[in-house]
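Written below as structure tokens is the structure these notes are about.
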Amino acid sequence: MFLFSVLQGSRWTLQATRMNMAFGESFIVKPDQMQMLNALLILIFVPIFDLLIYPLVGLCRINITPLRKMAGGMIFAALAFGAATLVEVNVVKTVVEPAPAEQCLLQVFNLAEGDINVGVAGSDLFQDPIPKLQDPPAYETLPLGAPVKELNITVTFSESKHTCRQTFEEQKAYSLIIYTDITGINCKLVEDYIKKNESGNPNVRFFNTRTEAINITVGETWFYVPPDHSMSSNKSVTRGNYPSVGCSLLSKTCDDLNLGLLDFGASYTFILMEVKESGKIMTKMEDVQANNVHIAWQIPQYVLLTAGEVMFSITGLEFSYSQAPNNMKSVLQAGWLLTVAFGNVIVLIVAEGAGLDQWKEFLLFAALLLGVCIIFSIMAHFYTYVDPDQLNKIYSEDSGKEENDDDDKKNKNDDIPLKKPEHQKSTRM
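What the sequence shown shows, in our numbering, is residues 6 to 434, in sequence order.
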């Protein structure tokens, strides 16, 4: 059970970083703060189980032995990891997985004055026209056939074609930005950051189509956006609503930007440009979806695991102490706590060595728990309980006999007369 406490403190915290942590507009729960729920529930569940649940089960004429409690605790822990598996399956839906070897991810931003068609040599991607300023629905997987490859990209706009050549590397994500200027159609390839932050905060970057550099401050984070169709660096900002973000050009102060809600786990690209039809100066693109599974969905798995801990760990400590003779109680307690080390080793082997997806890890540990529970239940069926009072009485009698034997030996040694040797003579001074 200590193994699963370790997992709950590491893997479940990592799971929480990819969830929505906001309770209302002002209250936010951090991923590591969810671990406090386990300790709080233990304090609540211990008296509830002892004073309410166990007596009610006893009224149903069910004999609740310590070993049965421990087996039930394993089942609750297995259910906890089953619940964690279901949550994880839904959490990963907003995660952009890196491309396999010899492939990369690609999305297209159309900043031209109308719809465009994009063709990449050696692939059948982007068969449909791409509307102006469309937020790409998802990344497309581009086959390369090599770790690094240079590809021709054909852009069709207003019945005219333009070919640009770009270099792609495997297992990376890119945004291909198509824009027009006085020279015609142009292509710009920028690398994307698709990994969600461990803190859960969103990532933000700005693309500037103007001829002047722009300085933008989002919360406490400052961005410098170079001019002439250049991309700023990608930075993490605090999650929140930003209706009025100040910006400044080198020559003047620009209008405030309404970035809207920058939500947990998302990555945003803001296109800074002048849209003539509507007067807009900015377009918001969501590269990576925001976390859409609320962190409250972790509560059931914490409740189930805590119930399992109360039934298994507390009962197991009491069982090992009561069933051991007096001279072995400390040894058994130390052996029980030694399982923490073994739990860490198992987590290290499975989590780091096996290389499984996180939901598969949870499912594996749930299956292991059920398997161990079956073996434990078979062994418990043949176990003969020892009466602690009788065991202490036997131990006391054995100890008394050993003390009496020691006293008898000592008395015999004291009764042996000390005789002087006959050849020894007394001497006078």
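Glycine included, each C-beta is placed from N, C-alpha and C at the ideal position.
Taken through DSSP and simplified to helix, strand or coil, D55 comes out as helix. Going by DSSP, T188 is part of no beta strand (DSSP E) at all; its letter is neither H nor E. The residue among L277, F173, V153 and T159 with its C-alpha nearest the C-alpha of T214 is L277. For V391, the number of other beta carbons within 10 angstroms of its own is below 16, and it is reported as exposed.
Pairwise C-beta distances place the stretch 375–382 in contact with the stretch 75–92, as three or more of them are shorter than 8 Å.
Under a 10 Å Cβ-count criterion, L361 is classified as exposed, with fewer than 16 other Cβ atoms of the shown protein chains found around its own Cβ. Non-local C-beta neighbours of D260 in its own chain, meaning closer than 7 Å and more than five positions away in sequence, comprise I286, ordered along the chain. Taking the Cα positions, Q20 is about 11 Å away from M39. In the DSSP annotation of this structure, the continuous segment of the alpha helix (DSSP H) that includes E93 starts and ends at P71 to V96. For the pair E203 and T22, the CB atoms are nearer than the 8 Å cut-off. Q171 sits in a strand when the DSSP states are folded into three classes.
Judged by DSSP secondary structure, N239 falls outside any alpha helix (DSSP H); it is assigned neither H nor E. Between the stretch 311–330 and the stretch 60–74 there are three or more C-beta pairs closer than 8 Å, enough to call the two in contact. W17 counts as buried, since no fewer than 16 other beta carbons sit within 10 angstroms of its beta carbon.
Straight through space, the alpha carbons of E145 and D129 are spaced by roughly 10 Å. Residue state for I182 is assigned as strand, using DSSP reduced to three classes. Here T274 is buried. Its C-beta has 16 or more other C-beta atoms within 10 Å. Setting aside the 5 residues that flank it on each side, C169 is surrounded in the same chain by I158 and C192, each with a C-beta closer than 6 Å to its C-beta; the list follows chain order. Only buried fits K201, as 16 or more other CB atoms lie within 10 angstroms of its CB.
Partner residues in the beta bridge of R210, as assigned by DSSP, are T274.
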